[in-house]
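For reference, the structure discussed in these notes is given below.
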Ligand SMILES: Nc1ncnc2c1ncn2[C@@H]1O[C@H](COP(=O)(O)OP(=O)(O)OP(=O)(O)O)[C@@H](O)[C@H]1O
Ligand SMILES: Nc1ncnc2c1ncn2[C@@H]1O[C@H](COP(=O)(O)OP(=O)(O)OP(=O)(O)O)[C@@H](O)[C@H]1O
Ligand SMILES: [Mg+2]
Ligand SMILES: [Mg+2]
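Chains as they are written, first to last, in the numbering used here: chain S, 161 to 395; chain G, 115 to 416; chain P, 64 to 355; chain U, 84 to 452; chain C, -9 to 248.
Quick look at the structure:
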């Protein structure tokens, strides 16, 4: 469904991605793990058109990906960004409705809104509050909820469990499964590598802007080197 | 080019530099945007003229009186307005600048709007240069100390600055005070340069011009302010032959510089002695070995 | 009493001129979070557009009015393209935008001086000059029109921003362009739209100002008053801008009329600062404790 | 740069060239007057050159803009006197710019003829005349006194109101001397209201003036504000006679406020119906496709002063010209200009009282208080 | 002995009560945890302790002295500092300068000292620089020394926040989700780091975190908030098995080690 080939990204003098190639198949959950600064967020941003690529090709459902980010979203790719990029001065409800900016099916939007509220009852309580005054975790819920509102075909999730209470982390991974069941595709970046690898079908390991390993998620979960560097398991 | 004329430009650049240095501390380092600095210049100018003409104090002392008076007035103003954010502070300073002018327009002992002629001409190139060098040195020392770093912290992230124990209000006050003193001295020199003072000389256009120079030189760079003052004082002179198109070109140039080099001339970097030394050494090496190194621009304090 | 009524009317009339200018200014502020000092320049050119469409092209007034507004919208979009967009693409801090705006305003004003010339122009009479007389109180016809137009502009804008999807997109873009892009919002288009609306309002204000007073290259300078009014009312709040303008107009008038016209600005600034000391976010601004 | 080249091309044409400086606003809010002055001076120089030049030399005008800034004005004069080596300077028009240049003139020994700088202190400070500053116009006290005298003695008004620009030196000066003379004569000032430069609405002040019910309103400021304020006065139902100074006369005033200023009186430097004035106006309009502003007439006479002084001195030396300027006695289009060496002001220049009738500036009489 | 105590701390925003009657103590030289569901009011408690919010009711007592409603910088000078959940670094400054700036409190030279470059100035400035370098090494930031703070990866920014806070030489350090954005391995390193900080810098640490491995691994005492109120308090072991906490916060899957 999504093919990324030999992608390079530069930030000024910093060479953040050095020839990354990945592919994501229809209906799959693919996860990318890697240390801080490996370039995971950069990769997602490149796919979303937020950062410019200096080299490489990306195709989505067989045709090349447009460069403007709004056109990419229109194609059905939605990113849930890391670091809680909420619209601070808009209400929670406004934030959620902006997630559905490109949609016109009012009924479906309504039912999606209900679903989000069901997942995160806190958001329903705070529907009228300015998003900027929400607690960190509430903002994270809002970011995820907003992403769900856009009803995409391919969801890019950047550290969705960041700052969420353990009980909610469970919920999030439940949601990820649900999304897949609804026929969607997911590309997941997670620090919680254990959870990520147990949920995903396939995984890539990114180190300093390069893919160093890839394969079946379960197999990587048992890979001793992965266990040591990403799962916190002392050998 | 005639020396007499160049001297005039240099003096003008020096006076601008004085005011710009102060504003650079406030805007460039502390991140507060002021539209009222011409007001402080006016206060300094009138106080200095008063001290010199009416009280008979010597020139340099009179300038100091002017500077201190402006500084003194800045304290209550700062007390009231420094808690305001961004544009709100900006409006308050604008109001202050206009209010000063209006008062001077109505104070007949200083000639009101009709101005105050007959101030002796005392501003000379040497004393402007002397004052500017001293002022620049002071500024360099200040921004390279913990005090300067604290001001930058206020600009970058005020809340975080507070939580590391920086009294942000105090540092905002300090930078307003210093910048007002500088503006006051600059104003004082202006009065003794033209021999004439008129509230009109300190309109909002002057405040804007100063701000433009600060940003042009580069936020948070003393050498940028120096360079900016000299270049932007010379620019209108260079453009003189454009006659009525002069300010059109000037306006376009400001936009062009902003969009092509938005970090300003120096962009937070400084020309330091060390960097120059490196440059010179580099040149020498170049002469010797035919290969050069060093740019003359050092990345300090950044 | 009659004099007091007259002064109130004077104040409202001055205030509504400020308001008309402040709405456009405040709109751009609420979206871009910087003071668009080029707004005055666009108002000035809008006034000239209207003037030439009426006198040289001999358009009928309504056509000229719309024409001038559209031209100003175009101009505002050009200013955004040239002076702001490159900065926006680099995420430059707001100071740079302000300086660029100042450059644009210097440019526009002097461009007109250099090309059209520094002379003042007078709009041909569209509305009868004679005021409506009620007792010994005089109300200008144009004043009524300006008042109504500012009210309508305000209502339309508030509706647009708060009730429409595009309006929300506009606000989203303002707060966080990157996240807005991720929502599929075409941020460039949205910002162009905002500047176009701002320009449209500038054109309206320019024509009104020209009809009420006169047209000259420095007339953009008067927008400083609407800038003050907008801050006073609470930056970014459109109703705040209008209310701030009306209050400023009335305040100035009453000070001139009953205290001292010599010290008018001094007193009105003192009052403004006093208000800001007690309400640092302006009259209609939202008070929020910063969330850490 | 193109302009520079142009100047050089002219200079290289074998014959002798003498440079005449001009300084004033070509940009900023005074541009309307500055541009007219420079145009006038340039036109006069061209005409003079066509007629054989000055003492066998071609007059070349070097004009610089100071965009209304005193500091820049000083610098422009530094450039004119040192780099361009002009022999005499015409302008600037505002007192606030004419005063600060004195020290430069003295240092470089170049005379200056101010056009409409009407503050007494342009030429005399503390009783001492400034050796290199001259002017072609009459001064504020004179103009204020003329207005007050005419209003009281001729028009027989006893209750006057003044509206003035608090931020403008010219306006403050006229106001001061108008009030002084008017009250000395026994009249009463019933209202004194101010506005600030840049204002466009004067109704608050006018409403207050209306309540004071004056017979005459003195409006000592420039025609844009005059047009606006007189229109607004009439809209408020004020019927009093309006009166103003030399900031008034302009075609634009008539365009903007023909009805409102109908019947008003203006203290002017000259009678516009004078044939010589007509001639100049026609020449100017033919060349520049614009009406002459008042400053044009004074720039015209300043140019005459310069030419006369150079010819009498029979020298193109600036100091010689200065010396000759002290004994100027010529007839210009703004009247007889006889410079008093003790004040460097033109003396015996009678003011022309003009009445605006149906959009025409109708000469009434010459008047001296 | 408690270094910090809150008594009936309450904070409301308009109609919303974010923190209600919360009382707890932090033992000197301990590492304590503050946990609770999202929106329970943890960050608000930090904001109240550090003076960023004015308290609605109740008291904060530090070292025996009430410090609520005191200006934030004074509280910092008194010895409490913090990191932010939504990172707030001096964005355009380098890593080194972020730390150097925060060190300012160690020096006491005046403006006159710096102007004339007195010995006091030079010596103290030297000391500040040494201290900044040392902190950079301790926090493993040396390789990022001259990078602008904004351009750092998330995890490094978090470490920089801690380094900057340490520069203040706090006696009480408040960490708001320090491990967010770190992978388990990095979290483990962070845990050792936090313990080391407590020992080497001799400060008390109060930490908010949703990563239970960290909280359970290093905290001696844990306070649990729920809906703005204190739910319970206790050792990791008691908290871990408290049914109320499991129900409101931990969920059933805690033991997965996440
Ligand atoms: N705006 C930027 N300017 C300069 N460098 C950047 C910028 N954003 C990221 N980088 C650099 O690019 C590299 C990759 O960063 P990225 O944010 O993609 O990492 P990451 O894998 O998502 O890390 P984390 O797990 O901390 O989120 C890092 O070295 C970072 O310093
Ligand atoms: N300035 C504010 N205005 C209005 N409500 C606020 C404000 N600050 C916090 N709140 C509300 O108070 C509640 C507590 O917020 P707080 O940030 O303390 O939560 P938290 O416990 O830190 O949660 P998290 O673990 O998600 O960070 C939240 O529901 C939040 O929406
Ligand atoms: Mg990332
Ligand atoms: Mg929190």
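All residues carry an ideal CB built from backbone N, CA and C; glycine is no exception.
For clarity, every value in this text was computed on a predicted model and none was experimentally measured.
Check whether the Cβ of residue 142(C) lies closer than 7 Å to any heavy atom of ligand 5, and answer yes or no.
With respect to ligand 5, the structure shown offers nothing to examine, as its ligands consist of ligand 1, ligand 2, ligand 3 and ligand 4.
I'd like to know whether the C-beta of residue 128(U) is nearer than 8 Å to at least one C-beta of chain G.
Translated into the one-based positions of the fourth chain, residue 128(U) becomes position 45. For residue 128(U), not one C-beta of chain G is nearer than 8 Å to its own C-beta.
Should residue 200(S) be listed as close to ligand 3, given that the test is whether its C-beta is under 7 Å from any heavy atom?
Walking along the first chain from the start, residue 200(S) turns up at place 40. Flag set: Cβ of residue 200(S) near ligand 3.
Selected residue, minimal CA-CA separation from residue 347(S), among 179(S), 298(S) and 207(S):
What you label residue 347(S) is simply residue 187 of the first chain in a count that begins at 1. Distance check between residue 347(S) and each of 179(S), 298(S) and 207(S) places 207(S) closest, using alpha-carbon atoms only.
How about residue 128(U) and residue 142(U): are their beta carbons less than 8 Å apart?
Within the fourth chain, residue 128(U) is the residue found at index 45, counting from 1. Within the fourth chain, residue 142(U) is the residue found at index 59, counting from 1. Result yes, Cβ atoms of residue 128(U) and residue 142(U) sit closer than 8 Å.
Secondary structure at residue 205(U), three-state DSSP: helix, strand or coil?
As a working note, residue 205(U) is residue 122 in the fourth chain. In this structure, residue 205(U) counts as helix in the three-state DSSP scheme.
Nonlocal neighbours in the same chain, by C-beta distance under 6 Å from residue 390(S), ignoring five residues either side
The residue labelled residue 390(S) in the question sits at position 230 within the first chain. Hits under 6 Å: 193 and 353.
Which residues mark the beginning and the end of the alpha helix (DSSP H) in which residue 264(U) is found?
Start at 1 with the first residue of the fourth chain, and residue 264(U) comes out as number 181. Counting along the chain, the alpha helix (DSSP H) containing residue 264(U) begins and ends at 252 to 267.
Residue environment, residue 271(S), which counts as buried when at least 16 other CB atoms sit within 10 Å:
For the purposes of this step, residue 271(S) is taken as the residue at position 111 of the first chain. Counting Cβ neighbours within 10 Å, residue 271(S) comes out exposed, since fewer than 16 surround it.
Only counting the same chain, and skipping five residues up and downstream in sequence, which positions put a Cβ closer than 6 Å to that of residue 266(U)?
Here the question's residue 266(U) lines up with position 183 in the fourth chain. Hits under 6 Å: none found.
Any non-hydrogen atom of ligand 3 within 7 Å of residue 318(S) CB
By 1-based counting over the first chain, the position of residue 318(S) is 158. Flag set: Cβ of residue 318(S) near ligand 3.
Which of the three DSSP states is assigned to residue 22(C) in this structure?
Along the fifth chain, one-based indexing puts residue 22(C) at 32. Note: residue 22(C) maps to strand in three-state DSSP.
Taking 8 Å as the threshold (beta carbon to beta carbon), is residue 265(G) in contact with chain P?
The residue labelled residue 265(G) in the question sits at position 151 within the second chain. Not closer than 8 Å to any Cβ of chain P, the Cβ of residue 265(G) fails to qualify, so no.
What residue range is occupied by the uninterrupted alpha helix (DSSP H) comprising residue 250(G)?
To locate residue 250(G), count along the second chain from 1; it is residue 136. Residues 239 to 257.
Let's see if you can read the secondary structure: which residues bound the alpha helix (DSSP H) around residue 156(U)?
As a position in the fourth chain, residue 156(U) is number 73, starting the count at 1. In the DSSP assignment, residue 156(U) falls within the alpha helix (DSSP H) that extends over 153 to 161.
Helix or strand or just coil, what does DSSP make of residue 193(C)?
Working through the fifth chain from its first residue, we reach residue 193(C) at position 203. DSSP places residue 193(C) outside both helix and strand once states are collapsed to three, so it counts as coil.
Tell me the DSSP secondary structure of residue 319(P) in three-state form.
For the purposes of this step, residue 319(P) is taken as residue 256 along the third chain, with counting starting at 1. Helix.
May I ask you to report which of helix, strand or coil DSSP gives residue 119(G)?
Taking the first residue of the second chain as 1, we reach residue 119(G) at position 5. Helix, per DSSP.
Proximal residues, the region 17 to 49 of chain C versus chain S, C-beta separation under 7 Å
27, 28, 29 and 33
Would the beta-carbon of residue 335(U) fall within 8 Å of that of residue 316(U)?
On the fourth chain, residue 335(U) is found 252 positions in, with the first residue counted as 1. On the fourth chain, residue 316(U) is found 233 positions in, with the first residue counted as 1. It is not a contact, given that the beta carbons lie outside the stated cut-off.
Chain-ordered residues of the region 370 to 381 of chain G with a beta carbon less than 9 Å from chain P:
370, 371, 372, 373, 374, 376, 377 and 378
Could you check the C-alpha separation between residue 221(U) and residue 201(U) for me, to the nearest Å?
Within the fourth chain, numbered from 1, the residue matching residue 221(U) stands at position 138. Within the fourth chain, numbered from 1, the residue matching residue 201(U) stands at position 118. About 6 Å.
As assigned by DSSP and simplified to three states, the class of residue 139(U):
The residue you call residue 139(U) lines up with position 56 of the fourth chain. Residue state, collapsed to three classes: coil.
What residue range is occupied by the uninterrupted alpha helix (DSSP H) comprising residue 206(G)?
To locate residue 206(G), count along the second chain from 1; it is residue 92. First-last of the alpha helix (DSSP H) with residue 206(G): 200 to 220.
Confirm the yes/no value for this check: CB of residue 323(S), any heavy atom of ligand 2, distance under 7 Å.
Residue mapping note: residue 323(S) aligns to position 163 of the first chain, counting from 1. Residue 323(S) Cβ: within cutoff of ligand 2.
What's the gap between the Cα of residue 411(G) and the Cα of residue 384(G)?
Position 297 of the second chain, counted from the first residue, corresponds to residue 411(G). Position 270 of the second chain, counted from the first residue, corresponds to residue 384(G). Bear in mind that a pLDDT of 35 at residue 411(G), under 50, signals an unreliable position, so the number given afterwards is only what the model happens to contain. The alpha-carbon atoms of residue 411(G) and residue 384(G) are separated by roughly 6 Å.
Kindly list the residues whose CB is nearer than 8 Å to the CB of residue 249(C), restricted to its own chain and excluding five residues on each side of it in sequence; keep chain order.
Past the boundaries of the shown model lies residue 249(C); chain C is included only from -9 to 248, so the question cannot be answered.
Give the interface partners of residue 273(G) over in chain C, defined as CB-CB distance under 9 Å, in chain order.
If you number the second chain from 1, residue 273(G) lands on position 159. Near residue 273(G) (Cβ distances below 9 Å), the residues of chain C are 42, 62, 74 and 78.
Residue 135(P) and residue 109(P): beta carbons closer than 8 Å?
Taking the first residue of the third chain as 1, we reach residue 135(P) at position 72. Taking the first residue of the third chain as 1, we reach residue 109(P) at position 46. Yes; because the gap between Cβ atoms is below 8 Å, this pair is in contact.
I'd like to know if the region 306 to 313 of chain U and the region 338 to 349 of chain U are in contact, where contact means that at least 3 CB-CB pairs between them fall below 8 Å.
yes
Cβ closer than 9 Å: which chain G residues qualify as neighbours of residue 122(U)?
The residue given as residue 122(U) occupies position 39 in the fourth chain. None at all; the shortest Cβ gap to chain G is about 11 Å.
Start-to-end residues for the alpha helix (DSSP H) that takes in residue 387(S):
The sequence position of residue 387(S) within the first chain is 227, counting from 1. 384 to 390 is the span of the alpha helix (DSSP H), which, as asked, contains residue 387(S).
Give the residues of chain U in contact with residue 315(P), contact being defined as C-beta atoms less than 8 Å apart.
Mapped onto the third chain, residue 315(P) falls at position 252. What residue 315(P) touches in chain U: 287.
Looking at the unbroken beta strand (DSSP E) that takes in residue 165(S), where does it start and where does it end?
Position 5 of the first chain, counted from the start, is the residue given in the question as residue 165(S). Start and end: 162 to 171.
Contacts that residue 281(U) makes with chain P (C-beta to C-beta distance below 7 Å)
Numbered from its first residue, the fourth chain carries residue 281(U) at position 198. Result: 284 and 285.
Quick check on DSSP: helix, strand or coil for residue 225(C)?
Counting from 1 along the fifth chain, the entry for residue 225(C) is found at position 235. In the three-state scheme derived from DSSP, where H, G and I count as helix and E and B as strand, residue 225(C) is classed as coil.
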